[in-house]
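*Asks:*
Residue numbers (the working numbering): 1402 to 1614.
#1: Would the segment 1496-1507 and the segment 1523-1538 be scored as touching if the rule is three or more Cβ pairs under 8 angstroms?
#2: If I measure Cβ to Cβ from residue 1424 and keep anything under 7 angstroms in the same chain, skipping five residues before and after, which residues do I get?
#3: Which full runs of the beta strand (DSSP E) of 3+ residues lie inside the segment 1549-1577, going along the chain?
#4: Tell me residue 1537's beta-bridge partners as DSSP assigns them.
#5: For residue 1486 versus residue 1461, is the C-beta spacing smaller than 9 angstroms?
#6: Just mark residue 1484 as buried or exposed, buried being the case when its beta carbon has 16 or more other beta carbons within 10 Å.
#7: Could you have a look at residue 1464 and say whether DSSP puts it in helix, strand or coil?
#8: Let me check understanding here. Comparing Cα to Cα, which of 1595, 1596, 1594, 1582 lies closest to residue 1476?
#9: Taking the alpha-carbon positions, what's the residue 1508 to residue 1449 distance?
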């Protein structure tokens, strides 16, 4: 299955700031339709202008991902050892890679169906949540996709995604750990910025989840 497509289903947005009492599932459900409408509306432009897909992703998707928290979790202990400039560079590099990957698979949103399970709220203050979904497309077995969010600055933001129980954050952390130990964060940042959004990015996927077409 197209693991990269499933990875970002439900991430897109355009919704207003959400109260901590609002079920983040409602936010996810609403924003899926927002993305679907944009893809259908701009179908002709997307066919002729690849840059439009990236612009659409930057406008609709990027504001709803907490890339700084995601990057901190990916780097783990290396985050505290990094300078502020290195942290910013890593956040920018990882964000750019994920947005480019998502833009390439943007058209797949028009055919994806998403079924929701009840949201699981976590912590005494209920400011963390897991939105559990099942994503399906015609001719492809459904995939269980969990979205982890936290409530900050008056809104819910996604910071991790798990597919079949495999966490994006943990996968990336394991993928780059050896390189961080051998050559340091600057080399990892350079490699992330050099990755081709389709071919080289496959090396970052969990075992058994590589895209098939």
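Here a beta-carbon is modelled for each residue, glycine too, at the ideal position from N, C-alpha and C.
Please read these numbers as outputs of a predicted model, since none were measured by experiment.
*Replies:* Looking at the coordinates:
#1: These segments do not touch.
#2: So the list reads 1520, once near-sequence residues are dropped.
#3: If we require 3 residues or more, the beta strand (DSSP E) runs fully inside the segment 1549-1577 come out as 1556-1564.
#4: The partner list for residue 1537 (beta bridge, DSSP) reads 1514.
#5: In this structure, residue 1461 does not lie closer than 9 angstroms to residue 1486 by Cβ.
#6: Residue 1484 should be labelled exposed.
#7: Three-state result, residue 1464: helix.
#8: Residue 1476 has its Cα closest to that of 1582, out of 1595, 1596, 1594, 1582.
#9: The alpha-carbon atoms of residue 1508 and residue 1449 are separated by roughly 13 angstroms.
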